[in-house]
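Asks: Using my numbering, read the sequence shown as starting at 1165 and increasing by one per residue.
Glycine residues also receive a C-beta, built at the ideal position from the N, C-alpha and C atoms.
Please read all numbers here as calculations on a predicted model, not as lab measurements.
Got a structure for you, written out below as C-alpha cells; questions coming shortly.
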Amino acid sequence: MWSLRTLLAGGLAVVALSACGSAAKPSQGRGRVDDPRTGGPDYLKCIRDRGLSAVEMGATGIQIGQPPAGPTIRFLPTPGAATAAQIAGNTQGAEVIGAALLYPNAASNGELQAIESCLGHSVKG
C-alpha cells in the first residue's frame, strides 16, 4: 500500500509541475511591417506638404497627380534592391533614389525637384 501512495503522490507532482510554464509565449518581434511610404521618413506627408496631390497606390507605391502624366513612386525593400532592379533593366525610365524608384512620366521640373527633395531625406552617402 505504501508504494501505491508514493506512486500517486509522484504522479500528482509530475502533473502539477508539468503545468508550470506551459503558457505560450508571444512570438518575438514588432508584430507589424513598416509601410515604406509612411514609416521612417513620411514621404507621403512630405510630398503633400509641398502642395502636390498624392495618393497611396498598391502596397508600396505613391501616385502624384493624375496618371499617366503624373509621376509614380514605387518602393523596393532596400536601396540595394532598387539599384539591382535598375542594373537588371527592370526599371525602364525610373530614377533610383534610395529604395524608391521615381518614374517622372510628364512631371514638370518643379514637381520633380520637390519629390526628389522628399525622397532624398533618408539617402546616405
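Would you decide whether isoleucine 1251 is buried or exposed? Buried here means 16 or more other CB atoms lie within 10 Å of its CB.
Replies: Here the question's residue 1251 lines up with position 87 in the sequence shown. Classification for isoleucine 1251: exposed.
Asks: Out of Tyr1207, Pro1231, Asp1213 and Pro1243, which one is the CA nearest neighbour of alanine 1271?
Replies: The sequence position of residue 1271 within the sequence shown is 107, counting from 1. The residue with the shortest Cα to Cα distance from alanine 1271 is Pro1231.
Asks: How is arginine 1214 classed by DSSP in three states: helix, strand or coil?
Replies: Here residue 1214 is taken as the residue at index 50 of the sequence shown, counted from 1. Arginine 1214: coil per DSSP, three-state reduction.
Asks: Residues in the same chain with beta-carbon distance under 6 Å from isoleucine 1228, minus the five sequence neighbours each way, listed in chain order, please.
Replies: As a working note, residue 1228 is residue 64 in the sequence shown. Closer than 6 Å at Cβ, skipping near neighbours: Leu1216, Ala1218, Gly1234 and Pro1235.
Asks: For the alpha helix (DSSP H) containing leucine 1276, name the first residue and the last one.
Replies: Within the sequence shown, the letter at position 112 stands for residue 1276. Where leucine 1276 is concerned, the enclosing alpha helix (DSSP H) stretches over 1273-1283.
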